[in-house]
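> In this note's numbering, the protein residues as written are 19 to 274.
(1) Unbroken beta strand (DSSP E) runs of length 3 or more, entirely within the region 178–247: which are they?
(2) Going by DSSP, name the residue or residues bridged to residue 150.
(3) Who are the near neighbours of residue 173 in its chain, counting only those whose CB is closer than 7 angstroms to its CB and skipping five residues on each side?
(4) Contact between the region 90–105 and the region 125–145: three or more CB pairs below 8 angstroms?
(5) Which residue comes first and which comes last in the alpha helix (DSSP H) that contains residue 134?
(6) Please report the distance separating the alpha-carbon of residue 58 from that of residue 245.
(7) Can you confirm whether the region 124–136 touches the region 266–274 when touching is taken to mean that 3 or more C-beta pairs between the two stretches lie within less than 8 angstroms?
(8) Is it right to say residue 264 is buried, meaning 16 or more other beta carbons lie within 10 angstroms of its own, or is it exposed?
(9) Give me, in chain order, the residues of the same chain whose beta-carbon lies closer than 8 angstroms to that of residue 49; leave out the 5 immediate sequence neighbours on both sides.
(10) Using a Cβ-Cβ cutoff of less than 8 angstroms, which residues in the same chain neighbour residue 261 once the five nearest sequence positions on both sides are dropped?
(11) I'd like the span of the alpha helix (DSSP H) that includes residue 77, first residue to last.
(12) Note the first and the last residue of the continuous alpha helix (DSSP H) segment covering residue 66.
(13) Who are the near neighbours of residue 258 in its chain, counting only those whose CB is closer than 7 angstroms to its CB and skipping five residues on each side?
(14) Roughly how many angstroms lie between the CA atoms of residue 187 and residue 140, to the nearest whole one?
(15) Would you check if there are 3 or more beta carbon pairs closer than 8 angstroms linking the region 105–114 to the region 205–216?
(16) Is it the case that the Cβ atoms of residue 120 and residue 202 are separated by a distance below 7 angstroms?
(17) Based on Cα-Cα distance, which residue from 220, 210, 250 lies nearest to residue 236?
(18) What does the alpha-carbon distance come out to for the pair residue 131 and residue 204?
(19) Let me make sure I understand the geometry here. Which of 185, 169, 170 has the alpha-carbon closest to that of residue 176?
(20) In the DSSP assignment, find the alpha helix (DSSP H) that holds residue 271 and state where it starts and stops.
(21) Is residue 152 closer than 7 angstroms to residue 113 when the C-beta atoms are compared?
(22) Just tell me which of 241, 123, 90 has its CA closest to the CA of residue 150.
(23) Can you tell me whether residue 253 is helix, strand or coil according to DSSP?
(24) Sort out for me which residues DSSP pairs residue 47 with in a bridge.
(25) If I measure Cβ to Cβ from residue 41 and keep anything under 6 angstroms in the same chain, skipping five residues before and after, which residues do I get?
(26) Quick one: Cα of residue 274 to Cα of residue 238, how far?
So, in structure tokens, the structure goes:
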């Protein structure tokens with residue numbers, strides 16, 4: 019917004035009266051609603067995109083400053099202490115200091131995460147704003163790097179590479195598999211990662227932890243395990259005081 023010639027927030031117009039267009043307070047906003055700065059926005063954010071409760075990358079990264087980059091499953095095996103982002107590198111041509119401060123900094127919306135709040139967190143969690151630096155390097159295939167008149171479109175191909183695993187995904191599905199085919203699931207999807215964590219728990223010497231992990235019949239149940247109570251507390255605090263309007267993704271975690 020601040021990159022515009024006139025960064026004055028737009029006044030909100032009257033609600034649409036077109037039939038079939040219903041707006042509720044339980045919807046995440048997209049790219050519009052420029053009068054509301056610092057709010058949690060949805061992804062995809064295009065006006066013609068379907069309504070979702072997926073949060074924007076900016077909002078997710080703001081949350082990572084408190085929870086670390088680990089998800090629920092990996093938090094059962096790895097301490098979040100060493101999994102925080104320390105530095106975010108942005109292209110200098112696109113960086114607006116006021117905007118990044120508002121999104122991530124101690125003086126923006128995250129200023130609500132006070133010491134009075136974090137002192138009640140488990141010592142494995144803390145509020146760690148990352149350092150933001152810029153670079154003059156430009157990605158060769160960015161929308162700003164193409165030839166004049168050449169449309170640059172995002173790719174639906176994804177490469178997953180680790181020393182022991184390589185995958186090619188097309189639209190989130192393993193190459194050569196069809197959509198909705200269970201065999202087309204990536205090794206880094208939630209279901210496969212949960213299965214891997216259960217396999218690790220099965221060979222651990224901590225019998226109490228192993229039994230608790232096996233009690234989760236569904237992915238939804240996994241999130242309620244006692245071992246994740248501290249993480250749930252952190253996320254709840256951040257949603258309540260800093261990232262207000264964050265809608266929980268309920269209903270997509272009922273698989274087993």
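Here a beta-carbon is modelled for each residue, glycine too, at the ideal position from N, C-alpha and C.
Quick look at the numbers:
(1) Counting only runs of 3+ residues, the beta strand (DSSP E) found wholly inside the region 178–247 occupies 183–188, in chain order.
(2) Per DSSP, 106.
(3) There are no such residues.
(4) Yes, the region 90–105 is in contact with the region 125–145.
(5) If you look at residue 134, you'll find it in the alpha helix (DSSP H) that goes 133–136.
(6) Approximately 28 angstroms, taken between the alpha carbons.
(7) Not touching, per the Cβ criterion.
(8) Residue 264 should be labelled buried.
(9) So the list reads 59, 63, 64, 65, once near-sequence residues are dropped.
(10) Same-chain partners within the cutoff: 58, 77, 80, 81, 127.
(11) Its alpha helix (DSSP H) spans residues 75–85.
(12) Under the DSSP assignment, residue 66 falls outside any alpha helix (DSSP H); it carries neither an H nor an E label.
(13) Nothing listed; no residue qualifies.
(14) The C-alpha of residue 140 is placed about 37 angstroms away from the C-alpha of residue 187.
(15) Output reads no: the region 205–216 does not touch the region 105–114.
(16) Not in contact: residue 120 and residue 202 (Cβ atoms no closer than 7 angstroms).
(17) Comparing C-alpha distances from residue 236 to each of 220, 210, 250 shows the shortest one belongs to 210.
(18) About 35 angstroms.
(19) Minimum Cα distance to residue 176 is reached at 185.
(20) No alpha helix (DSSP H) contains residue 271, which DSSP labels as neither H nor E.
(21) Yes; because the gap between Cβ atoms is below 7 angstroms, this pair is in contact.
(22) Out of 241, 123, 90, 123 has the C-alpha closest to the C-alpha of residue 150.
(23) Helix.
(24) 59.
(25) Residue placement at residue 41 cannot be trusted, given a pLDDT of 44 that sits under 50; what the coordinates show is reported in the next sentence. Scanning its chain for C-beta atoms nearer than 6 angstroms, with the 5 sequence neighbours on each side dropped, one finds no residue around residue 41.
(26) Their Cα atoms are separated by approximately 9 angstroms.
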